[in-house]
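**Student:** Residue numbers (my numbering), protein chains in the order written: chain A, 1 to 341; chain B, 1 to 333.
Here you go, one structure.
Below, the structure is given as structure tokens:
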């Protein structure tokens, strides 16, 4: 049933490589595959979560979705059309359709600008807004800050006069200036205290319901992902290792990495112990990705096959939902192909 | 009965500002027993870090203790000279911080940095110091310690650097370790490893830990008892199980409620409005009054004390001093 819905945003074999500079101490010239062969479909109106630890490529993937950085290979499709194919006009339309919100509202708002100027930076890109009278413009801005739960008095403030939660609200208002359909939110609540975090999460839910937004929500925080997302992709060293509905992922994780990740999350239920033996070792360097399955050096269920053969992201065997995917030889019902001698 | 390991009584710590004295910590009473693992939980500006820094005597200028005392094994820390306090630091109490990279010297090998602390307190031969450094790295779970002592901080991962900081902090077998957000900058799988390490070390070395964190779930996992900080005060202090089963203070209740657990479609969090206050000058109301859903007249004219409501369970809230108010706010089931 869900397969009949056309994705609003999708990627096909998307990859991004960086060449490490010598000063980074990663060995000069080493290739870092930040995002490696990622294909996802984001459905209209859903909240699609990208979760993983540092260096898993979730933020790079977010930037690739908006074409803020050039992919090394693969493509991003917005409503079925390749976002790279278009001319300047198409690029402008892309900006109107898709916006991004960053983690740190302290560094993503210009400190020399009042809130009204920050919003105007976005609004003036709209032909209809650029022609408006000052009065109509002010009304538009008042509406925008009202949408994120702030009063018109905030239009005259500078970022340093705002609390962290208020700054993040302005970050959201700025993203809404263009009336976008899709918002990519990169760790938008990670820098906030828990009580402010719940206010901002509430705002995300509210705005989605009122404006029919589609979210790609990037976070390292599994509780936040579970709270907000409809479907979730778990990333590890540039790859998606599992995709499922949030409900399935959190109640019945399949990939050993997802299991380890969930076991490591401290839960508030008193006495819920952290899963001790599931998480061993440290993340390998993204410039030196292990052969075979990239999780095999940390995996407690490692088999010979895992050391040599890179598992593909495949649908789980029925009765699992058709869009439930995992990249793990343990879950692969098919016999492996004979290895070349 | 002997004195508790750490005893804080009536502690008020202030920073003078142009607008008046800013009280980062106000009238705090707290006891920590030997080998106890206490969580100090609060949001930014709650005073939890200032409290930790006052215990170890590392308050940044111009902060100072205005009132009250901090005693370790019965000995007052506040009245000690800076020199005497320095001698106790590391021996009796030590501290680890959120960002190990900013606490480690990038130009020194980690072996040299561990040795520095040991040499300042112990008269040991260079080879004995080196041996002890390697022993400490083994203790904190760093593989191949003989090679790692020669490594520089930038050659280590974030988790390893925090292990090194822990090795330095326990190098003189302190009685009390103050851990200030030690896992906040780390990935969740590495956070779990550091938490296990601290639990193991507490058992093996018998030291007490004051674990300062904004993350209630982390505290729920490792601490035996939890003190909740708000606006420079401890508003509730209870054994962990009791705190979560029966949170008394309205702030503790909102903090627990604000932690996302399930999908919003199943359990939507009722976000509480507002943010923590800044307390400058004298206080003539409850610190939580302006945000409190339970506020009544007395809360706006008087400041409550931290009082016992059950054995081992203290709360700073007038509602618990007034049976009529309590019956309205928390009607018996």
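Ideal Cβ positions, reconstructed from N, Cα and C, are used throughout, including at glycine.
Remember, predicted model here, so these are calculated numbers, not experimental data.
Among all the DSSP beta bridges, which residues are the ones paired with residue 311/B?
**Tutor:** DSSP lists no partner for residue 311/B.
**Student:** Which residue from 18/A, 318/A and 98/A puts its Cα closest to that of residue 66/A?
**Tutor:** When only C-alpha atoms are compared, the closest one is 98/A.
**Student:** Would you grab the beta carbon distance between residue 142/B and residue 160/B for me? Rounded to a whole angstrom, and I think it's under 8 Å.
**Tutor:** Indeed, because the Cβ distance is near 6 Å, the residues count as touching under 8 Å.
**Student:** Sorry if obvious, but does the Cβ on residue 165/B come closer than 7 Å to a heavy atom of the ligand MN?
**Tutor:** In the structure on display, the ligand MN does not appear, and there are no ligands present to speak of.
**Student:** Pick helix, strand or coil for residue 75/B, following the three-state DSSP scheme.
**Tutor:** Residue 75/B: strand per DSSP, three-state reduction.
**Student:** Taking the CB atoms as reference points, tell me whether residue 214/B and residue 43/B lie closer together than 8 Å.
**Tutor:** Yes, the Cβ-Cβ distance between residue 214/B and residue 43/B is below 8 Å.
**Student:** Have a look at the DSSP bridge pairing and note the partners of residue 73/A.
**Tutor:** BP columns for residue 73/A point to 15/A.
**Student:** Who are residue 236/A's beta bridge partners in DSSP?
**Tutor:** Note: residue 236/A sits in a beta bridge opposite 239/A.
**Student:** Pick out whichever of 173/B, 235/B, 74/B and 293/B has its Cα sitting closest to the Cα of residue 41/B.
**Tutor:** That would be 235/B, whose Cα lies nearest to the Cα of residue 41/B.
**Student:** For the segment 301-318 of chain B against the segment 240-251 of chain B, do three or more pairs of beta-carbon atoms, one drawn from each stretch, fall closer than 8 Å, so that the two count as touching?
**Tutor:** They touch, by the three-pair rule.
**Student:** Taking Cβ-Cβ distances below 7 Å as the criterion, which residues of the segment 98-116 of chain B are in contact with chain A?
**Tutor:** Correct list: empty, as no residue qualifies.
**Student:** By alpha-carbon positions, which one of 253/A, 256/A and 246/A ends up nearest to residue 261/B?
**Tutor:** Ranking 253/A, 256/A and 246/A by Cα distance to residue 261/B puts 246/A first.
**Student:** Thinking C-alpha only, which one of 255/B, 302/B and 239/B is nearest residue 310/B?
**Tutor:** Residue 239/B is the option with its Cα nearest to residue 310/B.
**Student:** With a threshold of 7 Å on Cβ separation, who are the neighbours of residue 310/A within its own chain once the five nearest residues in sequence on each side are excluded?
**Tutor:** Around residue 310/A: 292 and 293.
**Student:** Strictly below 7 Å CB to CB, what residues from chain A border residue 189/B?
**Tutor:** Per Cβ cutoff of 7 Å: 53, 260, 261, 264 and 279.
**Student:** In the DSSP assignment, what are the bridge partners of residue 15/B?
**Tutor:** Residue 15/B pairs with 22/B.
**Student:** Listing by chain order, which chain A residues have their CB less than 7 Å from the CB of residue 159/B?
**Tutor:** The answer, in chain order, is 282.
**Student:** Going by the beta-carbon positions, is the gap between residue 67/B and residue 10/B smaller than 8 Å?
**Tutor:** It is a contact, given that the beta carbons lie within the stated cut-off.
**Student:** Determine whether the beta carbon atoms of residue 150/A and residue 166/A lie at a separation below 8 Å.
**Tutor:** Yes, the pair counts as a contact, with Cβ atoms nearer than the cut-off.
**Student:** Name the chain A residues whose beta carbon is nearer than 7 Å to that of residue 272/B?
**Tutor:** Within 7 Å Cβ-Cβ: 195.
**Student:** Establish whether the CB of residue 296/A and some CB of chain B are separated by less than 8 Å.
**Tutor:** No, because no Cβ of chain B sits closer than 8 Å to the Cβ of residue 296/A.
**Student:** Can you tell me where the alpha helix (DSSP H) holding residue 199/B begins and where it ends?
**Tutor:** Counting along the chain, the alpha helix (DSSP H) containing residue 199/B begins and ends at 188-205.
**Student:** Would you verify that the beta carbon of residue 298/B is, or is not, closer than 8 Å to some beta carbon of chain A?
**Tutor:** It does not: the Cβ of residue 298/B has no partner Cβ on chain A nearer than 8 Å.
**Student:** May I ask you to list the residues that DSSP assigns as paired with residue 239/B?
**Tutor:** BP columns for residue 239/B point to 225/B.
**Student:** Determine the direct distance from the alpha carbon of residue 38/A to that of residue 221/A, and round the result to whole angstroms.
**Tutor:** Approximately 21 Å between the Cα atoms of the pair.
**Student:** Could you please give me the residues that DSSP links to residue 78/A through a beta bridge?
**Tutor:** Beta-bridge pairing links residue 78/A to 9/A and 81/A.
**Student:** Just the Cα atoms here: how many angstroms apart are residue 330/B and residue 30/B?
**Tutor:** One C-alpha to the other measures close to 27 Å.
**Student:** Please decide whether residue 330/A counts as near chain B, where near means a Cβ-Cβ distance under 8 Å.
**Tutor:** For residue 330/A, the answer is no, since every Cβ of chain B falls outside 8 Å of its Cβ.
**Student:** Can you tell me which of 136/A, 264/A, 127/A and 232/A puts its alpha carbon nearest to the alpha carbon of residue 178/A?
**Tutor:** Of 136/A, 264/A, 127/A and 232/A, the residue nearest in Cα terms is 127/A.
**Student:** By how many angstroms is the C-alpha of residue 118/B removed from the C-alpha of residue 216/A?
**Tutor:** One C-alpha to the other measures close to 50 Å.
**Student:** If we count the other Cβ atoms within 10 Å of its Cβ and call it buried at 16 or more, is residue 31/A buried or exposed?
**Tutor:** Exposed, because fewer than 16 other Cβ atoms sit within 10 Å of the Cβ of residue 31/A.
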